[in-house]
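So the protein lines, in turn, are chains V and C. According to our numbering, the stretch in the first sequence is residues 2 to 98, in order. According to our numbering, the stretch in the second sequence is residues -19 to 172, in order. Note that beta-carbon positions come from the ideal geometry of N, C-alpha and C, so glycine has one too. Please read all numbers here as calculations on a predicted model, not as lab measurements.
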Amino acid sequence: MLVDLHAFQKALSGLPEEETVDSSEVHPYLLNEIFHPILTGKSVCYGDIDFSEFDADDLSVISDYCDRRESMMHKLWEYVNELSKAVASACTGRAFC
Amino acid sequence: MVEINEYLWATIYVLKTVYDHNPESPIFHEYASAVIDGDLIYEISENAIQQFFADTREYYNEEDDVATYVFLDPIITQYWKLCDEYEKKLRLDPKDNRFRQDMDQALDSALYINDYSYAYNWYSDTKHEYGCKLVLLCYCEFWSYHWIPKALSEAYDAFVHYTKLIKEAIAELDLPKIDDPSMQTYQRKKAA
């Protein structure tokens, strides 16, 4: 597989920035006080949770959100894996000097 | 690093169920300094199972690989006694008592767990100090321990709800009827 990195970079930078997985339905308390800290490697204890801040049903919403993120990450890794198989080829013309 | 998986959220779900039942439960003190971790799901669920009824006993039969939970509580005993009283007043057979049928249905709904390897029942045990108990059997292939706390919470709420209803029904039975002489006297006095 041949990849034109210049064209690839140009295509990527042309894409609009957007949230990879929609989190608008996720309860902000669970997202900001539990999910994000854990994602960034911080330890969150059960004693840190304010259980009055959310409903039990909110937990299934964030669990689904995590599943979708996981699935998206899996696709991304598959793509990265494919790209890594590409063989570098030398330029046919002089690039400088 | 802690893995974010469904069991991590399930541990919080189990504790949330306990919180909604009793925010002062000792389980919160016990796990206050524990880092959120899906690997704790079984331990937290086992602990949470103890938090809903006044006295929860657990037995494990190694030979058959069956875990038996026995739930004892004054609310269960009281409901059974009220059912007895209702049947006595109406000279009803227990199987025709709508309050027993209603509780059977409520428990079927509360204790519905998406798992095939369990059974439950509630019955009178005259040998026991509480007189009546709710029993849950989890067979060897049962894996949904984290759903038990929610089921118990709903079962407890059902006992509270139907206790109120049966008390009202018994109180109504105790009211004098229109053709009752005491009721006629009462109505005459009221009219005068």
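| query | result |
| --- | --- |
| Given this structure, state the Cα-to-Cα distance separating Ser5/C from Ala34/C, to the nearest angstrom. | 12 Å |
| Can you find a CB in chain V that lies within less than 8 Å of the CB of Asp19/C? | no |
| Would you say Tyr30/V lies against chain C (beta-carbon separation less than 8 Å)? | no |
| Which two residues bound the contiguous alpha helix (DSSP H) that contains Ser1/V? | This structure does not reach residue 1/V, given that chain V is present from 2 up to 98, and the question cannot be answered. |
| Quick check on Phe97/V: does DSSP put it in helix, strand or coil? | coil |
| Within 10 Å of its beta-carbon, does Val(-2)/C have 16 or more other beta-carbons around it, so buried, or fewer, so exposed? | buried |
| Closest to Leu153/C by C-alpha separation, out of Val15/C, Ile29/C, Phe8/C and Arg71/C, would be which residue? | Arg71/C |
| Determine the burial state of Met74/V: buried for a count of at least 16 other Cβ atoms within 10 Å of its Cβ, exposed for fewer. | exposed |
| Tell me whether Phe55/V is buried or exposed, calling it buried when 16 or more other Cβ atoms sit within 10 Å of its Cβ. | buried |
| Hey, how far is the Cα of Leu(-5)/C from the Cα of Leu16/V? | 42 Å |
| Using a Cβ-Cβ cut-off of less than 9 Å, give me the residues of the stretch 25 to 52 of chain V that come near chain C, in sequence order. | Leu31, Ile35, Phe36, Ile39, Leu40, Gly42, Ser44, Val45, Cys46, Tyr47, Gly48, Asp49, Ile50 and Phe52 |
| Can you round the beta-carbon distance between Lys147/C and Leu87/C to whole angstroms, since I take them to be within the 8 Å contact cut? | Actually they do not touch by this definition, with Cβ atoms about 19 Å apart. |
| Using a 10 Å radius around the Cβ and a threshold of 16 neighbouring Cβ atoms, would you call Lys68/C buried or exposed? | exposed |
| When you compare only the Cα positions, how much space is there between Glu43/C and Val62/V? | 40 Å |
| Between Tyr136/C and His1/C, which are expected to be in contact by the criterion C-beta below 8 Å, what is the C-beta distance as a whole number of angstroms? | 7 Å |
| Let me confirm a value: Ser85/V is counted as buried when at least 16 other C-beta atoms fall within 10 Å, else exposed. Which label applies? | exposed |
| Quick check on the burial criterion: 16 or more other C-beta atoms within 10 angstroms. Buried or exposed for Val27/V? | buried |
| So the alpha helix (DSSP H) Phe139/C belongs to, where does it begin and stop? | Ile128 to Asp154 |
| Measuring CB atoms only, is the stretch 35 to 49 of chain V touching the stretch 10 to 19 of chain C, in the sense that at least three cross pairs come out at less than 8 Å? | yes |
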